[in-house]
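These notes concern the structure reproduced below.
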Amino acid sequence: MSTPLSRLVLLTAAVTFAVSSGPANAQGYTGPKVNLTFLHGFTGPDRPVMEGLIKKYNDSHPNVQVRAQAQPWGTTWQQLPALVASGKAPDVVVINEDQITGFVARGAVSPLTPAELKGAGIDKSKFFGPLFATADYKDQAYGVPISSVAYVMFYNKDLMKKAGLDPNKPPRTRDELLKASLACTVDKSGKKAGQTGFDPKNLDTWGISLYNNWVGARAAYAAILQNGGQMVNKDQNAAFNSPQAISAVQFLVDLVQKQHVARPNSTEEAELAAFSQGKVCFFPSGQWYLDRFESQKMNFGVTFMPRVGGTVKDAAWGGSSHLTLPKQPSSYDANKRKAALDFMAWLSQPAQNLTWTSTGSLPTQAAVAKNATFEKAPISGIFDRLDSVYATSGYPWVGQVMAPFDQAWEAAYLGKKTVSQALNDGVKESNKQIEQARKNFQ
Amino acid sequence: MTITQAPARTTTAPAPTPRRRVPLEPYLYLLPHAVLFFLFTVYPIGYGLYISLHRWDLLNPVKTFVGSEFYRNLFTPGTPQADFFWKTLWNTTFFTIVSVPLLLIAALGLALLLHRPIFGRTFFRAVFFMPGILTVSVMGILWRWMFDNQIGLVNAARMVLASAPPIPWLSTEGLAWVPIVVGTVWWTVGFNMTLYLAALGNVPVSLYEAASLDGATPWQSLRFITIPLLAPVTLFVFVTTALASFQLFGQSLLITNGGPSRSTQSVIQYITEEGFTNAQYSSAAAMGFAFGLIMLIFTAAQFGLMARDVKGDEG
Chain A
1 MSTPLSRLVL
11 LTAAVTFAVS
21 SGPANAQGYT
31 GPKVNLTFLH
41 GFTGPDRPVM
51 EGLIKKYNDS
61 HPNVQVRAQA
71 QPWGTTWQQL
81 PALVASGKAP
91 DVVVINEDQI
101 TGFVARGAVS
111 PLTPAELKGA
121 GIDKSKFFGP
131 LFATADYKDQ
141 AYGVPISSVA
151 YVMFYNKDLM
161 KKAGLDPNKP
171 PRTRDELLKA
181 SLACTVDKSG
191 KKAGQTGFDP
201 KNLDTWGISL
211 YNNWVGARAA
221 YAAILQNGGQ
231 MVNKDQNAAF
241 NSPQAISAVQ
251 FLVDLVQKQH
261 VARPNSTEEA
271 ELAAFSQGKV
281 CFFPSGQWYL
291 DRFESQKMNF
301 GVTFMPRVGG
311 TVKDAAWGGS
321 SHLTLPKQPS
331 SYDANKRKAA
341 LDFMAWLSQP
351 AQNLTWTSTG
361 SLPTQAAVAK
371 NATFEKAPIS
381 GIFDRLDSVY
391 ATSGYPWVGQ
401 VMAPFDQAWE
411 AAYLGKKTVS
421 QALNDGVKES
431 NKQIEQARKN
441 FQ
Chain B
1 MTITQAPART
11 TTAPAPTPRR
21 RVPLEPYLYL
31 LPHAVLFFLF
41 TVYPIGYGLY
51 ISLHRWDLLN
61 PVKTFVGSEF
71 YRNLFTPGTP
81 QADFFWKTLW
91 NTTFFTIVSV
101 PLLLIAALGL
111 ALLLHRPIFG
121 RTFFRAVFFM
131 PGILTVSVMG
141 ILWRWMFDNQ
151 IGLVNAARMV
161 LASAPPIPWL
171 STEGLAWVPI
181 VVGTVWWTVG
191 FNMTLYLAAL
201 GNVPVSLYEA
211 ASLDGATPWQ
221 SLRFITIPLL
231 APVTLFVFVT
241 TALASFQLFG
251 QSLLITNGGP
261 SRSTQSVIQY
271 ITEEGFTNAQ
281 YSSAAAMGFA
291 FGLIMLIFTA
301 AQFGLMARDV
311 KGDEG
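Respectively, the protein sequence lines represent chains A and B.
Take the first sequence: its position 275, counting from 1, is numbered 275 in full-length UniProt numbering, and each next residue is one higher.
Take the second sequence: its position 217, counting from 1, is numbered 217 in full-length UniProt numbering, and each next residue is one higher.
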């Protein structure tokens, strides 16, 4: 999707889209002319796309001029508290899913009331539910999603064919995944898993990539949600050691230690290389690797994370960026807020979102996902389940929960602890840290 | 000048006017630096101390005074800070203990080899110095790949040359230090080598000539001439390398991300995590001061060593 041609196709499609959805623009901001400052972290190849969108908005909205500033995300996280505290926050700021609830709980972001959303023409129900809810806190909305990434499962069609599997039917359930993974696993002497003399230490090809960094841990995150488990309970304490969570993660660890269809002690780099070289059938990871496999001319597909954890629901981890309105001093111009809402509404519209997908982002709403542009794109393999992508948000201490969780996955995956011991230890550490963090929010 | 000076010599008390003017001038010269010093050193330290004694968050208007709570956490068994601060401090100390001797010996060895008029001497000096100009991110990614559990060059070489099974360097406690230490030595040894090369150039050739007339072996020349004469530069290299090693951050962050199980996490990485991932600024500030204090004691001890050495030279 990063080739110039596909970009052009997308842009053309976006323009057509914009024309057809024209009337939605009618109820825009009509007050006196205002200038808005807009702070975002799209500093890579996505920057010119964002700049193009802003230019388009400025050209079509003479009474609102948006001045954008791009800077690395981390810089924004460090500066935002000071900017808000001194009453000099930008009018609109993009905040990512792992930071947003922390800033909301600390009072850096102002809530978007239902009346405001409605007045600006932002219809919550048009977005993927869990994606929009990422920026919710205590039943109030604080942001509108404009960009999204997700954990997916890449599969190698050639290798699946070789293993006697249907390359157009990637596994969707636990049993299907295990069966397919077993079929893909062959050791260097040609023996399959389960056969006598099978040597799991010398695999030639294998079923699935599991690995020990934070990206690897997101497979366990999906498994826990799929089995009805949660990262935090209703009191927002860490709870990723429920029986559902333990059984879900146990299945993944068994793939390594019992079934030998995944390599032990592996790293993301090693599994990425293995998938590129056609050594492994299934590679769960971020959808951001799509470009890489496309440019390699691999015969691959992309599917939504299969239900490795259980059967309660579909789930995969996802990241997202949300347009937010920081808290402003009482002297703040009310017209600016209205104009800012208008800008947010415009930027999140299907036409603009479609343009934005040229950066590798996933659609934020079903209307965009249905666009004909994606019909033959490999990524569309996950579009039927984009409403099952869950971010790590909703509690102010994401860092305190996810760091111990990632450590727990590492210990379980490497076989240093049993799954229940690893998750219990992680929850214990996490809750100690939450207890301390909680004092900051009173 | 002579006219005004003459009475000043004879009277017991000097004239009051010139006395008042003179002391102001040096302070004016100091003023620009003093302003910057107070603004960027004294004030931040003072404000940091204030943060460490309060429950502080920029966005929270209420900044409750909590006294030594965040310092006490470090000594209260069971708190994450007590568990991880000392663990990561020990990790950092371990790294220093292992890497400093290596960086001294390897630098001296290279300098001795490249001091001799061998073929391609300048080329090799450049080769060993060059890694030092890389940024820590380039160095970190490079050594992470070299030691990858599955696809690393080191494991590949082991398999091809010795048909030995791959070693999971990055995910085994203890072994995970190997890429960090080896990478750091590769990265920074060139600078120390250059210092040693400069010092070797100052050793009088006549001493070696006299020693060889007396029948000294090369080892004896090294042991009784080169090493003692290099002592001042060795001490300097030791002090600067030890201080740099205590600031371990980027190498372990990029090569192992502090893992497995925080076994290679540096104390600075942990303080950063507490401050910016967990948003516990006060706790991070307190740990920063605790670490700073430990470093001060360590530096004072080293200054003592240096002072003794200078005295020894004079005496």
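Glycine included, every Cβ here is placed at the ideal spot set by N, Cα and C.
In the structure shown, proline 145 of chain A adopts extended strand secondary structure according to DSSP, grouped into three states. Cβ-Cβ distances below 7 angstroms link asparagine 431 of chain A to Asn237 and Ala238 in the same chain, with the five nearest sequence neighbours on each side left out; the list follows chain order. Of all C-beta pairs linking the stretch 295-311 of chain A to the stretch 54-64 of chain A, fewer than three are shorter than 8 angstroms, placing the two stretches out of contact. Between serine 331 of chain A and serine 295 of chain A, the alpha-carbon positions lie close to 52 angstroms from each other.
In terms of Cα proximity to glycine 119 of chain A, the closest of A:Gly194, A:Ala316 and A:Phe343 is A:Phe343. Assignment of alpha helix (DSSP H) within the stretch 57-102 of chain B, counting only whole runs of 4 or more residues, yields 69-73 in chain order.
Between isoleucine 100 of chain A and the set A:Phe132, A:Ala372 and A:Glu116, the nearest pair of CA atoms involves A:Phe132. Only buried fits isoleucine 208 of chain A, as 16 or more other CB atoms lie within 10 angstroms of its CB. Neighbours of glycine 102 of chain A in chain B, taken as residues whose beta carbon is under 7 angstroms from its own, are Ala279 in chain order. In this structure, the straight-line span from the alpha carbon of alanine 211 of chain B to that of serine 221 of chain B is close to 7 angstroms. Not one beta carbon of chain A lies nearer than 8 angstroms to the beta carbon of serine 221 of chain B. Within the same chain, Cβ atoms closer than 6 angstroms to the Cβ of serine 266 of chain A are found at Tyr211, the five residues on either side in sequence being excluded. Looking at the DSSP output, tyrosine 270 of chain B sits in no beta bridge, so it has no partner there.
Excluding five sequence positions before and after arginine 307 of chain A, the CB atoms of its chain that fall closer than 7 angstroms to its own CB belong to Arg172, Thr173, Arg174, Gln226 and Asp314, given in chain order. Inter-segment contact for the stretch 273-285 of chain B and the stretch 163-174 of chain B is absent: fewer than three beta-carbon pairs are separated by less than 8 angstroms. Listed along the chain, the chain A residues whose CB falls inside 8 angstroms of the CB of proline 80 of chain B are Glu429, Lys432, Gln433 and Gln436. Three or more beta-carbon pairs separated by less than 8 angstroms link the stretch 174-184 of chain A to the stretch 272-286 of chain A, which places the two stretches in contact. With distances taken between CA atoms, leucine 59 of chain B lies nearest to A:Pro326 out of A:Gln421, A:Pro326 and A:Gln349. With the rule of 3 Cβ pairs closer than 8 angstroms, the stretch 359-378 of chain A does not count as touching the stretch 196-203 of chain A. Chain-ordered, the chain B residues with CB closer than 7 angstroms to the CB of serine 266 of chain A read Asn149 and Gln150. Residue state for phenylalanine 240 of chain A is assigned as coil, using DSSP reduced to three classes. The stretch 290-302 of chain B makes contact with the stretch 237-254 of chain B: 3 or more CB pairs, one atom from each, lie closer than 8 angstroms. Across the structure, alanine 408 of chain A and glutamine 400 of chain A are spaced so that their CA atoms are roughly 13 angstroms apart. In the assembly as shown, tryptophan 90 of chain B is an exposed residue. Its beta-carbon has fewer than 16 other beta-carbons within 10 Å. Proline 326 of chain A carries a strand assignment under DSSP once its states are collapsed to helix, strand and coil.
By the 16-neighbour rule on beta-carbons within 10 angstroms, aspartate 46 of chain A is buried.
Against leucine 414 of chain A, the close residues of chain B are Ser171 and Pro260, in the order they occur along the chain (beta-carbon pairs closer than 7 angstroms). Not a single CB atom of chain A sits nearer than 8 angstroms to the CB of tryptophan 86 of chain B. Only residues of its own chain outside the window of five on either side were considered, and among them Ala223, Ile224, Gln226, Asn227, Gly229, Gly309 and Gly310 have a CB closer than 7 angstroms to the CB of alanine 248 of chain A, listed in chain order.
Closest by C-alpha distance to arginine 218 of chain A, out of A:Ile434, A:Ala403 and A:Gly107, is A:Ala403.
At a cut-off of 8 angstroms, the C-beta of leucine 59 of chain B has a neighbouring C-beta in chain A.
By DSSP's assignment, tryptophan 317 of chain A forms a beta bridge with A:Tyr390. Think of a sphere of 9 angstroms around the beta carbon of proline 179 of chain B: no beta carbon from chain A falls inside it, the nearest being about 12 angstroms out. Of all residues in the stretch 397-424 of chain A, the ones placed with a Cβ closer than 8 angstroms to any Cβ belonging to chain B are Trp397, Gly399, Gln400, Ala403, Gln407, Glu410, Ala411, Leu414 and Lys416, in chain order. Comparing alpha carbon positions, the residue from B:Ile151, B:Phe246 and B:Leu197 closest to alanine 106 of chain B is B:Leu197.
Serine 285 of chain A has A:Val152 as its beta-bridge partners, per DSSP.
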